[in-house]
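For reference, the structure is listed below as structure tokens.
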Amino acid sequence: MQHANARKNTNDHHTFIHQITRLRRQSNFKPCHCIQDFRLFYQKYLYVIAQRTHYLDRSQDKENLASMEELHFKCRNGLYPRSDKQRTHVPDDKVDWKIPFNDYKPVYYTSASVLKKPEWADDEAIKESSPKWNALDGNIDRRSHQGHYELEEGLPRNPIGRTGVSGRGCLGRWGPNHAADPIVTRWKMEGKSHMQKGKKNILQFIAIQRKDNKEWAVPGGMVDPGEAVSETLIREFGEEALNLLDVSAQEKKKFEADLKEFFMRKGELIYKGYVDDPRNTDNAWMETVAMNFHDEEGTGVAKFALHAGSDAEGVKWMDVDSSLQLYASHRDFIKKTAELRKAYWS
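Converting from the sequence shown to the numbering used here requires adding 26 to each position, the first position being numbered 1.
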């Protein structure tokens, strides 16, 4: 058995080296653009080695490797956002809960603002109220897009793996915290002609610059209790990209009517599930529904003047390509949108 595993590990190593060589030989190879794909491949490599080392049940291979597709990067290691809390280091091959990590001792952290229990936050001692995990708990949706999540000591456990922090951090809900992200796009035009790269049309999307970390992102926000995702998409886009909170009641009503017409007829689902968000912890994590709303003729939302809302430092139409550096998993959402629209990426 050990000799067989050694041969398999050697073959995996050769495959790993071959993958690096193949990437470097590509004519459009750019290290900063492919680092996420490279890390994912390397992570799978480490996982397979760890799996064979610990002799895990082979019947679980498919399930385990599938979870590796979504392995998180941005919510591990380094300082937790808006705090001085240093995450416990979690190596790539120790993220999955199925891999033994006997020395794992995550730092516990829940921010002071969350502990004050605003209307969007759970009680710190939530176990005493016997919440309905993996279910609709009153008007609070504690279901996960990932499916059933496990509990550990009565609290939800991150379905993707270890993060180096337990507690809720600065997230309000134990378990899944639901958001909605509207990806509003148009074609980049020069007069009446589509601008192109690599014989493909250039896509643009509305991006906002977050005030908390200055990163560019897709406008979006949390789904309020009892609120439909479609309502969140319209509300968050209006507040963050058009600053509807600061317009007159009459103007707001007109904008909202136009937005509702646009959003209700043109949406395409891009992603629904776990988000690699830096705020995630072992017990609380972000999930989202990302929808693409494309203004094909440039006569819908594309005609609106953009104004950054209270949560945004700036807002603009941004060209889509592989050089994008965006908040959380938003780059992945934009890449999938480019693929959907058959637009230029790299």
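Cβ coordinates follow ideal geometry from the N, Cα and C atoms, glycine included. Predicted model, so just to flag it, every value in this text is computed and none were measured.
Quick check on the burial criterion: 16 or more other C-beta atoms within 10 angstroms. Buried or exposed for residue i?
i, result
"E365", "exposed"
"D83", "Here the model assigns D83 a pLDDT of 41, short of 50, so the residue's position is not dependable, and the following value carries that caveat. Per the 10 Å Cβ criterion, exposed."
"A275", "exposed"
"M312", "buried"
"M317", "buried"
"P157", "buried"
"S137", "buried"
"T325", "exposed"
"L197", "buried"
"P185", "buried"
"S155", "exposed"
"A161", "exposed"
"I360", "buried"
"A354", "buried"
"E262", "buried"
"A254", "exposed"
"H115", "exposed"
"S373", "The requested residue 373 is not part of the displayed model; the chain covers only 27 to 372."
"D129", "exposed"
"W371", "buried"
"Q52", "With a pLDDT of 48 at Q52, under the threshold of 50, the modelled position of this residue cannot be trusted; read the value that follows with caution. So Q52 ends up on the exposed side."
"N165", "exposed"
"N239", "exposed"
"G246", "buried"
"H98", "buried"
"G173", "exposed"
"G224", "exposed"
What are the boundary residues of the alpha helix (DSSP H) that residue i is part of?
i, result
"F288", "A275 to R291"
"H356", "H356 to R367"
"I260", "V255 to A267"
Can you check which of these residues, the options, is closest to residue i by C-alpha distance?
i, options, result
"I152", "D119, Q230, G201 and P185", "G201"
"D337", "G264, A138 and E294", "G264"
"L350", "A243, D149, G164 and A147", "A243"
"V191", "K362, K361 and K100", "K100"
"F330", "I125, L141, I186 and A267", "A267"
"M248", "E241, I260 and D119", "I260"
"Y175", "E241, W159, G164 and L270", "W159"
"E150", "W123, R194 and G252", "R194"
"H121", "V273, G187, G217 and G104", "Here residue 121 is Val; the residue named in the question, His, does not match the sequence. Among V273, G187, G217 and G104, the Cα nearest to that of V121 is on G187."
"K214", "V315, D347 and H356", "D347"
"L105", "T307, A147, D272 and G164", "T307"
"R199", "D321, L141 and R357", "L141"
"K342", "R168, W146, D148 and N269", "N269"
"H320", "E287, D302 and K298", "E287"
"S170", "T314, R357 and K225", "T314"
"R102", "K124, V301, V273 and D358", "V301"
"V210", "V273, M344 and L352", "M344"
"E339", "G299, W146, F289 and R236", "R236"
"D303", "S219, H356, P251 and G335", "H356"
"W123", "N309, H333, R212 and K298", "N309"
"E241", "F127, H98, L352 and D118", "L352"
"D250", "P117, V273, H98 and E145", "E145"
"E322", "D167, R212 and P126", "R212"
"T258", "H220, F289, G299 and F127", "F289"
Which two residues bound the contiguous beta strand (DSSP E) that contains residue i?
i, result
"V341", "A338 to D345"
"G193", "V191 to G195"
"V315", "A310 to D321"
task: Tell me, please, whether the region 276-288 touches the region 186-206 by the rule of three or more beta-carbon pairs shorter than 8 Å.
output: no
query: Pairing CB atoms from the region 100-114 with CB atoms from the region 131-138, are three or more of them under 8 Å?
result: yes
Three or more C-beta pairs below 8 Å linking the region 222-233 and the region 172-190: no
Contact between the region 354-372 and the region 291-300 (3+ Cβ pairs under 8 Å): yes
field: Within the region 180-228, ranges of the beta strand (DSSP E) (whole runs, at least 3 residues)
entry: 191-195 and 201-213
task: Entirely within the region 98-177 and at least 3 residues each: give me those beta strand (DSSP E) ranges in chain order.
output: 133-136
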